[in-house]
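Structure record follows, encoded as C-alpha cells.
Number of protein chains: 2
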Amino acid sequence: MQGFEPLTVPSEKNGALDLGFVECEGGVCAAAGMAASGVSAGFRKNPNRRDLALVVADQACTCAATFTQNRFCAAPVQVSRERAKSGVARAVVLNSGNANAATGEAGLKTALESAEIVASALGCDPEQVLVASTGVIGLQLSTEHFLTGVPLAVHALAHEAEGAHNAALAVMTTDTHPKECAVQGQVGGRTIHVGGFVKGSGMIQPNMATMLAVLSTDAPLSAQAAHSMLLAAVRHSFNKVTVDSDTSTNDSCFLFATGAAGGEEICEGSQAYEAVAAAVRYVCDDLARNIAADGEGSTKLVTVDVLGAANDQDADTVARAIANSPLVKTAIFGHDANWGRVAAAAGKCGVPFDQQQVDIDLLGVPVCRGGLDVPMDEQDMLRRFQDDEVSIVINLGMGQAHTRIWTCDLTHDYVTINGDYRT
Amino acid sequence: MQGFEPLTVPSEKNGALDLGFVECEGGVCAAAGMAASGVSAGFRKNPNRRDLALVVADQACTCAATFTQNRFCAAPVQVSRERAKSGVARAVVLNSGNANAATGEAGLKTALESAEIVASALGCDPEQVLVASTGVIGLQLSTEHFLTGVPLAVHALAHEAEGAHNAALAVMTTDTHPKECAVQGQVGGRTIHVGGFVKGSGMIQPNMATMLAVLSTDAPLSAQAAHSMLLAAVRHSFNKVTVDSDTSTNDSCFLFATGAAGGEEICEGSQAYEAVAAAVRYVCDDLARNIAADGEGSTKLVTVDVLGAANDQDADTVARAIANSPLVKTAIFGHDANWGRVAAAAGKCGVPFDQQQVDIDLLGVPVCRGGLDVPMDEQDMLRRFQDDEVSIVINLGMGQAHTRIWTCDLTHDYVTINGDYRT
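Chains as they are written, first to last, in my numbering: chain A, 612 to 1034; chain B, 612 to 1034.
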C-alpha cells in the first residue's frame, strides 16, 4: 500500500438542506393547492394495476415543462410541448401501458381527446390540460379508457399524501417501486413546499427531461422563474441519469407552481428564487438518484464523478462513456474492482487527456494513480461491494471542470426484463 | 397486410468475388512467404491454452498497420504505431492473457524487450518486429514468458495452414472459436493471396482497427498502397463492428505484403490495386462479421443497414445508436420484433429526420412505414428469428447516404462472462 489519499469530490454549495429545507411527506401533493389520484382505467391487462394518474391544481397556475429531444417524440409530447409554452396549466393526465408514440395523426387525435375529456370533467379550458404517456411504442392508444377512467380519477382526487402516492403508482412500468420526494422550508417568512413523483426504469438516458416527472410547489413563481429553475434542475439531475443510454420518446417533466403559499411573485435574481430553486434541485436530485437505483434489473446505484476535466462538455462525455459502458456495468454486477474497464471507457470517447495523469478511485479506494495500478486489498473491496451504492471517481488531470452522473449495474435481470417485455 | 415491399439495401459493386477471387485455406499463411505459429508460453494459467502467436515474413517486407484511438492506449500499441511508420516489418509477436495496458514505463520496457527477444531469435533488426497484446488491463506483463515462449514459437513456425491456425488460436480471449479467412485470385496474370486472422469478442467497438488482426498478402504492394488499402478496408469492416460500444485499449491491425507472388510493385490507382484492395476488403469483411457473430454471449449476428441518410456521418451515427442500444439488443435476444425500440434508438442520437418519413424492416419484413406500425404475422416473425442472422433496415428518407454495421444481441451470457472475467 502506498498510502494514496482518496480523490475529493466537490460538494454542492448552498444546497436545499443548507438553506434549512427538510424532507416531508406528501409527494406532488405536499404543495398547497395540488391534488392527485391514480386509478385503474384498463390501459393494462391487469385490472389490479393503477394505470391512469391525474394531477390537478385547484386553479390554473404557473406551469413549466421540458421534454425529450428524441426525433421520434410521442404524440402527448407534441401536444404538451405546444401547450406548456403559455406558462399556465391546470392539470396533467398520465397513462402507463402505452406510450402513444409512433402513432401518427390518430395518436395526436387521441392525445387531444384525452385532454378534452379531462377538461370537461374539471370544467376548464382543454388548453390548460397537459398529457403524458409511457409504455409500448408503436401501438394506437384508445380513448375508451380515458372515457371510463378520467371520471374515476377526478372522483378520487385528494390533496393528501395518498392521492400523490396513487398517482406515483399509476405511472410505473418496469419500476419496482413508486418514486416520490418532497421538502419544506421557509422562504421570505412563509412556508413553501416542493414535491413530486417520477417514473423511469428502462430506456433511460433523459435528454432535457426524464421519462415522466410531475413536480409542484406552492411558491408563487413567475412563469419565467418556474421555467428557468426547472431547466437548471433538470440539467443537473434527470439529464445526468443513464440506465441504458436509450433516450425515451416520451420524456416529460412538469412543474406546477400554485402560489398557494402566498406572498409576492418570485422572479429570477431574488434570494427567494435561489431558495426555491435549491429545493426544486433537491427534489429532482433525489428522484433522479431513485431512477438510477431502480434501473431495470439493477442491484446497485452507481455514481460516476469526473474531476479535472478541461471543460463541462468533456466531463459529461467521459462520465457518460463510463456510465454507459456495458463492461463497467457488468464488472460492478460481478463485484469486480476492474478499473481497467473504467480507464478504457474514459479513453474511448474522444476526449483528450494524458493517461499518465489519470487517477481513479473505486468504492472510495485509490486503485489507479498516474495511469498505473495501485495494489488493492481484494477482500476489502468485496466487503465494500456489499453497499447498495458504488462510487467511481476519475480525475483526468486536465482542468477544473467536473460532473456527476448516476447509473446502475447491468445484470441478468435487465436482459430478462427486456428480452420479453412486449411479447 | 398492406403489401409493402421490403427495403432494398445497396450491394457492394466490384466485390472480390465479382473480380474472380475465391475463398481458400491457409489464413495468414495463405500468402506465399508467410509463416506463423501459436504456442503455450505461460501468459495464461491454463498450460493447455496457446497464448503466444508469432507471424513472420520470410524477409522484411511492406507492412501497414492501424491502431486504436483510445487515449488509454497500451504499451505495445505505442511501440508498434511508431515502428509501423517505416512501412517495413519482418514479424509481429502477439500474446493473450495480459493487455500490457495502463502499465507505464515498465510496460513500454517489456514491449520493447519482447520485440528484442524475437529479433534476436530471427536474426533481424528489433525495429522490424511489431508487438501486440490482449487481455486484462492494468497488470504488468513479465518478459519471462517471452524468454521461454519465443524460442518455442520460432521453432514451431510453419508456412502451412496449421501454423496460421495455431496463431489464430493463441490470440483468443473470450472468443469461442478462432477467426480466419483467405482468398486467392488472379491479378495481372499472377495468383495472389490475401488472408489473415482476428481476435475479438468483447470490448469491441473498434475505432481505426479491431482488437487484434494480422493480415497478409503475397501481392507486391508499395508501402503507400498497403497503407491506403488497409485503411479503406478497416473503415468499412472492423470499424463498423460494435459488440458493446467499448473501444479497446489494444486494437491493432497489421497487413504484411511479402511480394512473393512476383510481378511489378502495385501502386494506388492501378487496376491491380483495385483487385487486391477488393480482396483485402473481402477478408476484413469476413473477419469483422465473425467478430460480431462471436460477440461475447451472442446468439445472433445482427446487421444494421441505415439507408436514406443525409450524409455518411448521419448514417453511421444512427446505425451505431441502433446497434449499441441495449433495448434493441435484448429484444433480439428475446425474439421480439419490437421495432419501436429501433425507432427510439434512431431518434435519440441527434440526427435530424422526420419520423413520418421513416420506414423500418425487421428480418426482411416491413414493420414500419411512414413512422407507423405495419401489422405483422407474429408467428412468421418467430420463425424468422430461428436464423443465426437478424437484419434491421431503416430508411430515414433524408438523402442517399447509407451504411452497414454489424453487432450481436445482448444476452445473459454477456452478463455472466463480464460479471466475473477478472476475479
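The beta-carbon is built from N, C-alpha and C at its ideal position, and this holds for glycine as well. Just so it is clear, the structure is predicted and the values come from calculations on it, not from any experiment.
{"query": "Interface residues of chain A facing His1023(B) [CB-CB closer than 9 Å]", "result": "His1023, Val1026, Thr1027, Gly1030"}
{"query": "Neighbouring residues, chain A, relative to Trp950(B) (Cβ below 7 Å)", "result": "Gly749"}
{"query": "Among Thr784(A), Leu832(A), Ala675(A), the one whose alpha carbon lies nearest that of Glu875(A)", "result": "Leu832(A)"}
{"query": "C-alpha distance - Leu974(A) paired with Val976(B), whole-angstrom precision", "result": "48 Å"}
{"query": "Per-residue contacts from Pro963(A) into chain B (C-beta, under 8 Å)", "result": "Arg682"}
{"query": "Proximity test, Cβ basis, 8 Å: Ala712(B) and chain A", "result": "yes"}
{"query": "Test: Thr1018(A) CB closer than 8 Å to a CB of chain B", "result": "no"}
{"query": "The segment 916–935 of chain A / the segment 1004–1022 of chain A touching (three or more Cβ pairs under 8 Å)", "result": "yes"}
{"query": "Distance, Gln990(B) Cα to Ser909(B) Cα", "result": "23 Å"}
{"query": "Within chain A, the residues that Gln966(B) reaches when beta carbons sit closer than 8 Å", "result": "Arg682, Phe683, Cys684, Ala713"}
{"query": "Range of the contiguous alpha helix (DSSP H) that encloses Phe849(B)", "result": "Neither: Phe849(B) is in no alpha helix (DSSP H) and is coded neither H nor E."}
{"query": "Buried/exposed call for Thr821(B), threshold 16 Cβ in 10 Å", "result": "In this prediction, Thr821(B) scores a pLDDT of 42, lower than 50, which makes its location untrustworthy; the coordinate-derived value is nonetheless stated afterwards. Buried is the call here."}
{"query": "The ligand MG heavy atom lying under 7 Å from the CB of Ser691(B)", "result": "Within the structure as shown, the ligand MG is missing, as the structure has no ligands at all."}
{"query": "Environment of Ser848(A) [buried if 16+ CB atoms lie within 10 Å]", "result": "buried"}
{"query": "Three-way DSSP call (helix, strand, coil) for Val729(B) in this model", "result": "helix"}
{"query": "Backbone CA spacing between Met819(B) and His1013(A) [nearest angstrom]", "result": "At Met819(B) the pLDDT is 36, less than 50, meaning the model places this residue with poor confidence and gives no usable figure here."}
{"query": "Neighbouring residues, chain B, relative to Phe849(A) (Cβ below 7 Å)", "result": "Chain B residues near Phe849(A): none, gap ~15 Å exceeds 7 Å."}
{"query": "Test item: CB-CB of Thr914(B) and Cys960(B) under 8 Å", "result": "no"}
{"query": "Outcome for Gly796(B) when other beta-carbon atoms lying within 10 angstroms are tallied against a minimum of 16", "result": "buried"}
{"query": "Assigned secondary structure, Gly718(B) (DSSP; H/G/I helix, E/B strand, else coil)", "result": "helix"}
{"query": "Helix, strand or coil at Thr785(B) according to DSSP, with G and I counted as helix", "result": "coil"}
{"query": "Entirely enclosed beta strand (DSSP E) segments - the segment 967–992 of chain B, minimum 3 residues", "result": "970–973, 976–980"}
{"query": "Sequence-distant residues of the same chain with beta carbon closer than 6 Å to Leu752(B), five excluded per side", "result": "Asn709, Asn711, Thr721"}
{"query": "Residue of Lys940(A), Val845(A), Leu705(A) minimising C-alpha distance to Thr679(A)", "result": "Val845(A)"}
{"query": "Segment contact, 8 Å Cβ cut-off, at least three pairs: the segment 960–970 of chain A with the segment 1001–1012 of chain A", "result": "yes"}
{"query": "is_contact[Leu938(B), chain A] using C-beta, thresh 8 Å", "result": "yes"}
{"query": "Thr928(A) (DSSP reduced to helix, strand or coil)", "result": "helix"}
{"query": "Close beta carbons around Asp897(B), own chain, < 7 Å, minus the five adjacent residues each side", "result": "Cys792"}
{"query": "Member of Gly644(B), Ala834(B), Gly746(B) whose CA lies at the smallest distance from the CA of Asp662(B)", "result": "Gly746(B)"}
{"query": "Cβ pair count under 8 Å reaching 3, the segment 765–774 of chain A against the segment 782–789 of chain A", "result": "no"}
{"query": "Segment limits, alpha helix (DSSP H) that includes Ser691(A)", "result": "686–695"}
{"query": "Proximity test, Cβ basis, 8 Å: Ala957(A) and chain B", "result": "yes"}
{"query": "Which of helix, strand or coil DSSP assigns to Met645(B)", "result": "strand"}
{"query": "8 Å Cβ cutoff, Leu630(B) in contact with chain A", "result": "no"}
{"query": "CB contact below 8 Å: Met612(A) versus chain B", "result": "Per-residue confidence for Met612(A) stands at a pLDDT of 45, beneath the threshold of 50, marking its modelled position as unreliable; the derived number appears in the next sentence. Chain B, which has no Cβ nearer than 8 Å to the Cβ of Met612(A), makes this no."}
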